[in-house]
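Visitor:
Number of protein chains: 2
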Amino acid sequence: MKPFFEVQTLEAVHRRMGQLQPLDEESVHIDRAAGRTLARDLVAPHDLPGFPRATMDGYAVRARDTFGASETSPAYLSMVGDVRMGQRPTFALEAGQCARVGTGGMLPGGTDAVAMVEHTRLLDGQTVELTRSLAPGSNVMGPTDDATRGQLLLPAGQRLRPQDVGLLAALGVAEPEVLRRPRLGIISTGDEVVPVERQPAPGQVRDVNTHTLACQSTDAGAEPLLLGLVADDEPALRSRVRQSVQRCELTLLSGGSSVGVRDLTREVFLSFPGAQLLVHGVSVAPGKPFIWVRVGDGAEERHLLGLPGQVASCMVAFHLFVEPMVERLLGREARSFVLFPRIEARLARNLPAAPGRETFARVALREEPDGWIADPVFGKSGLLRTLTASHGLVRVPLGCEGLDADDRVTVLRFP
Amino acid sequence: MKPFFEVQTLEAVHRRMGQLQPLDEESVHIDRAAGRTLARDLVAPHDLPGFPRATMDGYAVRARDTFGASETSPAYLSMVGDVRMGQRPTFALEAGQCARVGTGGMLPGGTDAVAMVEHTRLLDGQTVELTRSLAPGSNVMGPTDDATRGQLLLPAGQRLRPQDVGLLAALGVAEPEVLRRPRLGIISTGDEVVPVERQPAPGQVRDVNTHTLACQSTDAGAEPLLLGLVADDEPALRSRVRQSVQRCELTLLSGGSSVGVRDLTREVFLSFPGAQLLVHGVSVAPGKPFIWVRVGDGAEERHLLGLPGQVASCMVAFHLFVEPMVERLLGREARSFVLFPRIEARLARNLPAAPGRETFARVALREEPDGWIADPVFGKSGLLRTLTASHGLVRVPLGCEGLDADDRVTVLRFP
């Protein structure tokens, strides 16, 4: 007889995932750091840029020497030198003096503004006529304008964007500490499934889930390990899962769309020493038969995840169950659909929901003059077409039997 | 004397970029195909799944044998066999017969529906009692439900998403033809700039643009080649640009924020045989001093691009000028901000624009009960902080002096 196990809500599953411990750190060169997760707060090790810089080509001046200058009553300054790019000026300026400086050049001591070359005229090689009055700081980037030493610039857990990589470069952090990418072992099963290179006989289909899960894992910031296709029998399945457990924090076993195979998956998962069944069944559609078994603990903790075999269900289940675990192992909140932009839209027609299950329905989007319209894409969850033809998902909350045409919805748009 | 060259609009520049020829094709394995661009239309080589499949565990039946069946008046069918997963059933069914089938199994000849196991009772090992009436097609995926042979499934130019990779797998296209990634040679210049590993002396700053441009290139679907930092002198610059031209379709030279260096960049670019100055100056902020020189033609065509040295300007200029070229070389329209989701928001305060220039202003986003608010992030274009502290850009069209607080705007949100 099957042991009784209570179906849990998605929220409860995410809460439990939120208790996972983030992985350890490693350092990577900034040119491989984009998309990685910062392990520690980035605190400015020094001021940035650290010295006053001209933001225009022109003349470094003392602002007060220019007060009142205008087209009809110019100021006249004595040009005492050139600032060389990348060098600290060897001279400081006295009242009534100025120095030539290019964009990015360092201001000489005694100066606090830059007169744009367009507002000046060099009269005799030594005298500069200036037709504008300048406030202190004009056309100057101050020593701490980008960062002040000790300032928190990026929080731990930040997924590094190009501009964040730029900030690391500016501060000389060439090898930032990032969280190690979770390793995801991917196994497909199903006696009807053949590898993509093989011509399926009647009754057979090619393995899709291995390849979609691999793409999704990479996009989520994890490192997929493709462990291939395995027959629906216990010794083969157990041996392949063991291989994965030895190398990967998470093992994704997709397939087993029939009840018999689902039972086998759970049996195999529970056959590992110390295995603990944390979830079997979630009140969500698609993704109801999700299985989560934990093996080991602490740094040796491994997670075995049973995902639906139906190709479209499997893809959605990745976002519902695997993505939050990856997020958490990377030190962030256990959340789904992190990289999916949200779009507000109106439903084109009624959208029924699975009774008693939080439903994620596929929709196509089109833009009309008064905003976005979301068209439900109906079709069986084994159909890939329902995903290639749709642009995102609409969530129908638990306890709601469906949504009506013209309802306003938030679409989770595929990235 | 400098040759006269007219400042062009961004639209005109994009129009010209739209005339570029897409690159040649190469084949990649599907597990490396995510994010790549499909070179040719994907037309279904066969029906998918190609045979009728059960979508539930249960019994394959002839629907008409079930008409009128109910809890109070069940139908009784004679069970004549089991469908083995992945095999074509060796038997066909006559009237009044049924066969056991698992989810994903092939329907035997003569059947057109599947009775869910939950709605049946196996009475004596041979007789199945069925308490529901089934329409033809119930719980069955038809042979062409996912694709019909000859059907256009994905258009050439499609950037492959995980579900597209899944579709390729399902159809056995293990090595799809994709467009070769444009190679982008990245060179930084500026006598005040030092490599990220070096401690800058007073007056010096570290090279940021090399690293941000590399991240942005990868994100855009191109292949960056980091050619490092080069001094602001003509022979050094020309030699480095030549190295890039030999290997890369696009050469990005950033730096030269001062007028002298900009002139040098143009001179070096124009020193290549057959060089043609296509753009020098665009009515856009940031990005006004953009230079585009074409060298060679046909398959030997190379493009030399001068980008601003200011770090924030350089990042925005990548999206304005480089991204549309990459898009076009990948066979799509020459567009900017392709991967930036659009968010409708209200401006928190007035946003002035550069006169006579289409302006892309940095904004921070926050969500309030009645929608998104965009807060302009002011600051000099040399400041990275203006990008790390902002969430996206707001476009102020040419001819508009600025936007007012409470105006509704579309924010191009950083991905």
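As they're listed, the protein sequences go chains A and B.
Just so it is clear: in the first sequence, position 346 is 374 by our numbering, and no numbers are missing.
Just so it is clear: in the second sequence, position 60 is 88 by our numbering, and no numbers are missing.
Cβ coordinates follow ideal geometry from the N, Cα and C atoms, glycine included.
Treat the numbers as computed from the prediction; the structure is a model and nothing was measured.
To which residues does DSSP link Arg394 of chain B through a beta bridge?
Guide: According to DSSP, which records beta bridges pairwise, Arg394 of chain B is partnered with B:Ile401.
Visitor: Could you list which residues in chain A have their beta carbon closer than 7 Å to that of Arg275 of chain B, in chain order?
Guide: Near Arg275 of chain B there are no residues of chain A at all, since even the closest Cβ is about 18 Å away, more than 7 Å.
Visitor: Of all the CB atoms in chain A, is at least one closer than 8 Å to the CB of Ser311 of chain B?
Guide: Output row for Ser311 of chain B: interface = no.
Visitor: Could one say the Cβ of His239 of chain B lies closer than 8 Å to chain A's Cβ atoms, at least one of them?
Guide: Chain A contact via Cβ: present.
Visitor: Classify Ala202 of chain A as buried or exposed, calling it buried when 16 or more other Cβ atoms lie within 10 Å of its own Cβ.
Guide: So Ala202 of chain A ends up on the buried side.
Visitor: By Cβ distance below 7 Å, which residues in the same chain neighbour Ala97 of chain A in space, the five residues on each side in sequence not counted?
Guide: Here the set comprises Ala103, Leu158, Thr159, Arg160, Ser161.
Visitor: Skipping 5 residues on each side, what residues in its chain have a beta carbon closer than 7 Å to that of Val193 of chain B?
Guide: Here the set comprises Ile58, Ala61, Ala62.
Visitor: Mind listing the chain B neighbours of Asp59 of chain A? Cutoff is C-beta to C-beta under 9 Å, in chain order.
Guide: Here the neighbours are Thr238, His239, Ala242, Cys243, Pro252, Leu254.
Visitor: For a cutoff of 8 Å on Cβ pairs, would you count Lys408 of chain B as touching chain A?
Guide: Yes, because at least one Cβ of chain A sits closer than 8 Å to the Cβ of Lys408 of chain B.
Visitor: Grouping DSSP H, G and I as helix and E and B as strand, with all else coil, what is Thr246 of chain B?
Guide: It is helical.
Visitor: Residues of chain B with CB under 8 Å from Met169 of chain A, in chain order?
Guide: In chain order: Lys408, Gly410, Leu411.
Visitor: With DSSP as the reference, please indicate the residues paired to Pro252 of chain A in a beta bridge.
Guide: In the DSSP output, where bridge partners are listed per residue, Pro252 of chain A has A:Leu212.
Visitor: Going along chain A, which residues have a C-beta under 9 Å from Pro230 of chain B?
Guide: Within 9 Å Cβ-Cβ: Gly78, Phe79, Gln115, Arg116, Met134.
Visitor: Count the other CB atoms, across all protein chains shown, that sit within 10 Å of the CB of Asn237 of chain A; report buried if there are 16 or more and exposed otherwise.
Guide: Counting Cβ neighbours within 10 Å, Asn237 of chain A comes out buried, since at least 16 surround it.
Visitor: Within 10 angstroms of the Cβ of Leu431 of chain A, are there 16 or more other Cβ atoms? Answer buried if so, exposed if not.
Guide: Leu431 of chain A is buried by the Cβ-count criterion.
Visitor: What residues of chain A sit near Leu358 of chain B, judged by a beta carbon separation below 7 Å?
Guide: The contacting residues do not exist; Leu358 of chain B stays about 18 Å from chain A at best.
Visitor: Distance cutoff 8 Å, beta carbons only. Does Asp152 of chain B sit that close to anything in chain A?
Guide: Output row for Asp152 of chain B: interface = no.
Visitor: Is Leu335 of chain B closer than 8 Å to Ser299 of chain B when the C-beta atoms are compared?
Guide: Going by C-beta atoms, Ser299 of chain B is not nearer than 8 Å to Leu335 of chain B.
Visitor: Can you have a look at Phe388 of chain B and say buried or exposed, based on whether 16 or more other CB atoms are within 10 angstroms of its CB?
Guide: So Phe388 of chain B ends up on the buried side.
Visitor: Please confirm whether Thr131 of chain B and Thr83 of chain B have their CB atoms less than 8 Å apart.
Guide: Yes, Cβ-Cβ distance for Thr131 of chain B and Thr83 of chain B is below 8 Å.
Visitor: Could you give the distance in angstroms between the alpha-carbon of Pro73 of chain A and the alpha-carbon of Pro404 of chain B?
Guide: Rounded to whole angstroms, Pro73 of chain A to Pro404 of chain B spans 28 Å at the Cα level.
Visitor: Taking the alpha-carbon positions, what's the Phe22 of chain A to Glu220 of chain B distance?
Guide: It is not possible to answer for residue 22 of chain A, since the shown part of chain A is limited to 29 through 443.
Visitor: Can you list, in chain order, the stretches of the beta strand (DSSP E) that have 3 or more residues and sit fully within the region 341 to 390 of chain B?
Guide: Those beta strand (DSSP E) runs which fall completely within the region 341 to 390 of chain B and span 3+ residues are 370 to 375.
Visitor: Could you spell out the range, first to last residue, of the beta strand (DSSP E) harbouring Thr155 of chain A?
Guide: Looking at the DSSP string, the run of the beta strand (DSSP E) that includes Thr155 of chain A is 155 to 158.
Visitor: Would DSSP call His42 of chain A helix, strand or coil?
Guide: His42 of chain A falls in the helix class under three-state DSSP.
Visitor: Between which residues of its own chain and Leu363 of chain B is the CB-CB distance below 7 Å, once the five residues before and five after are set aside?
Guide: Per the sequence presented here, residue 363 of chain B reads as Arg, with Leu not at that position. So the list reads Pro352, Glu355, once near-sequence residues are dropped.
Visitor: Under 8 Å, Cβ to Cβ, is there at least one residue of chain A near Val62 of chain B?
Guide: The amino acid at residue 62 of chain B is misidentified as Val; the sequence shows Ala. Judged by the 8 Å Cβ criterion, Ala62 of chain B is in contact with chain A.
Visitor: So is Glu277 of chain A buried or exposed if we call it buried at 16+ other beta carbons inside 10 Å?
Guide: When all chains shown are included, Glu277 of chain A counts as buried.
Visitor: Considering only the alpha carbon of each residue, which of B:Arg330, B:Val424, B:Asp260, B:Arg377 lies closest to Met45 of chain B?
Guide: For Met45 of chain B, the nearest C-alpha among the options comes from B:Arg330.
Visitor: With a threshold of 8 Å between beta carbons, is Leu181 of chain B in contact with chain A?
Guide: True, the Cβ-Cβ gap to chain A drops below 8 Å.
Visitor: Step through the CB atoms of chain A and report whether any lies within less than 8 Å of the CB of Arg234 of chain B.
Guide: Yes, its Cβ sits closer than 8 Å to a Cβ of chain A.
Visitor: Given a cut-off of 8 Å on the beta-carbon distance, is the pair Arg322 of chain A and Leu306 of chain A in contact?
Guide: Taking 8 Å as the Cβ cut-off, Arg322 of chain A and Leu306 of chain A qualify as a contacting pair.
Visitor: So which residues on chain C does Gly200 of chain A lean against when the C-beta distance must stay under 9 Å?
Guide: Going by chain labels, chain C is absent from the structure shown, which instead holds the protein chains A and B.
Visitor: Of all the beta strand (DSSP E) runs that stay within the bounds of the region 83 to 161 of chain B, which reach a length of 3 or more residues?
Guide: The qualifying runs are 86 to 89, 103 to 110, 125 to 129, 141 to 144, 148 to 150, 155 to 158.
Visitor: Between A:Arg360, A:Leu393, A:Glu99, which lies nearest to Ala373 of chain A when the distance is taken from Cα to Cα?
Guide: Cα-wise, what sits closest to Ala373 of chain A is A:Leu393.
Visitor: Please classify Ala264 of chain A: is it buried, with 16 or more other beta-carbons within 10 angstroms of its beta-carbon, or exposed?
Guide: By the 10 Å Cβ count, Ala264 of chain A comes out exposed.
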